[in-house]
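S.K.:
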Ligand SMILES: NC(=O)c1ccc[n+]([C@@H]2O[C@H](COP(=O)([O-])OP(=O)(O)OC[C@H]3O[C@@H](n4cnc5c(N)ncnc54)[C@H](OP(=O)(O)O)[C@@H]3O)[C@@H](O)[C@H]2O)c1
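Numbering (the working numbering), first residue to last: 133 to 421.
1) Answer yes or no: the CB of residue 142 versus the heavy atoms of ligand 1, is any distance below 7 Å?
2) Could you round the C-beta distance between residue 161 and residue 179 to whole angstroms and report it? I think they count as a contact, below 8 Å.
3) Based on Cα-Cα distance, which residue from 174, 155, 196 and 170 lies nearest to residue 137?
4) What are the uninterrupted segments assigned as beta strand (DSSP E) that are 3 or more residues long and contained completely in the segment 314-377, given in chain order?
5) On the three-pair Cβ rule with 8 Å, is the segment 275-284 touching the segment 337-356?
6) Report buried or exposed for residue 402, applying the criterion of at least 16 other Cβ atoms within 10 angstroms of its Cβ.
7) Reducing DSSP to helix, strand and coil, say where residue 421 ends up.
8) Where residue 150 and residue 134 are concerned, what is the direct C-alpha to C-alpha distance, given to the nearest angstrom?
9) Should residue 231 go down as buried or exposed, given a rule of 16 or more other Cβ atoms within 10 Å for buried?
10) Residue 198 by DSSP, collapsed to three states: which one?
11) Take residue 384 and list the residues in its own chain whose beta-carbon comes closer than 6 Å to its own, dropping the five residues that flank it on each side.
12) Please classify residue 399: does DSSP put it in a helix, a strand, or coil?
13) What first and last residue would you give for the beta strand (DSSP E) that runs through residue 264?
14) Mind checking whether residue 216 and residue 256 have CB atoms under 8 Å apart?
15) According to DSSP, simplified to helix, strand and coil, what is residue 214?
16) Assuming the contact rule is C-beta atoms closer than 8 Å, residue 357 and residue 381 should be a hit. Round their C-beta distance to whole Å, please.
17) I need the straight-line Cα distance from residue 205 to residue 347, nearest angstrom please.
18) Taking only three categories from DSSP, how would you classify residue 142?
19) Quick one: does the C-beta of residue 297 sit closer than 7 Å to a heavy atom of ligand 1?
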């Protein structure tokens, strides 16, 4: 049986659906069973646990063969603790394989707020003795749309401190496809893949693609970090304005521009282009136009 954490979230839900449709026995780890019933396929096995509850994690992982650990989110020390608890509980439960969603830039020299958190989780996995597959995922198309593009649709200007840095965005649906494919065919040792879109785009191109999809102009302007922090902190709680500003710094250092073929090798399909993602996302939510 494969257990999926974050099973009520965007990626977890899609992974659960894909694994069920492939015929696997799937358990969903959830915090609120009643709320989860509304979001997950009927009849799915549910195990209740919070990443902060070590005993509940142990119970949830009992009898599980494969763990899909969808990364947690929030303040860095909290996320680090969540990943640590989940990996330690998986080792104690003799889980045979772990699939983990990591990030592209875990480098020691990275300015990104979350780089040390994911470096820690990857190190723990590598040392755990449990066979594991790490998927280092690029920026989600959905993230770029929700947090950077949509908020600018009225002003017509996307001001980010990314310099001329490029990213190769991948949709959450495609991340879920890669996660499900890996979890369905677990490797016997430790493997790391990089999951990106098939094209590295600068933010001028990203803004232009959004403008085309929405039928209105959006222009990118590379701004200073402080200007971004001022505008972002008016909209976002901490740690997000700081986290996003440091993500931009990582992009400006060209740490997110790598294009990998791993997605196609794993899923035998091409990733959705950013343009096709935008057309799909904007046509399925007309209220955003
Ligand atoms: N690469 C990128 O661009 C990018 C962007 C954003 C996020 N991410 C990462 O990708 C992950 C998955 O994205 P997503 O869109 O699927 O996230 P999401 O929709 O926000 O889902 C988060 C899931 O985590 C669960 N969760 C939160 N706190 C928990 C806790 N303390 N214990 C157990 N479960 C908990 C939530 O459960 P409830 O339903 O109970 O809240 C939910 O199922 C994120 O968590 C983040 O680490 C990556």
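Note that beta-carbon positions come from the ideal geometry of N, C-alpha and C, so glycine has one too.
M.R.: Inspection of the coordinates gives the following:
1) Yes.
2) At roughly 5 Å, the Cβ-Cβ gap stays under 8 Å, so residue 161 and residue 179 are in contact.
3) The residue with the shortest Cα to Cα distance from residue 137 is 196.
4) For the segment 314-377, whole beta strand (DSSP E) runs of length 3 or above, ordered along the chain, are 323-327 and 351-354.
5) Yes: the two stretches touch, three or more of their Cβ pairs being nearer than 8 Å.
6) Classification for residue 402: exposed.
7) Since pLDDT at residue 421 reaches only 35, below the 50 mark, its modelled position is unreliable, and the value read off the structure follows with that caveat. Looking at residue 421 - three-state DSSP - the assignment turns out to be coil, as it is neither helix nor strand.
8) Rounded to the nearest angstrom, the two C-alpha atoms are 12 Å apart.
9) Buried, since its Cβ has 16 or more Cβ neighbours within 10 Å.
10) Three-state DSSP puts residue 198 in a strand.
11) Here the set comprises 294, 295 and 297.
12) When DSSP states are grouped into helix, strand and coil, residue 399 belongs to the helix group.
13) Counting along the chain, the beta strand (DSSP E) containing residue 264 begins and ends at 264-269.
14) Yes, the pair counts as a contact, with Cβ atoms nearer than the cut-off.
15) It is helical.
16) With 8 Å as the limit, residue 357 and residue 381 qualify as a contact, their Cβ atoms being about 7 Å apart.
17) Whole-angstrom Cα-Cα distance: 33 Å.
18) In this structure, residue 142 counts as helix in the three-state DSSP scheme.
19) No, the beta carbon of residue 297 sits no closer than 7 Å to any heavy atom of ligand 1.
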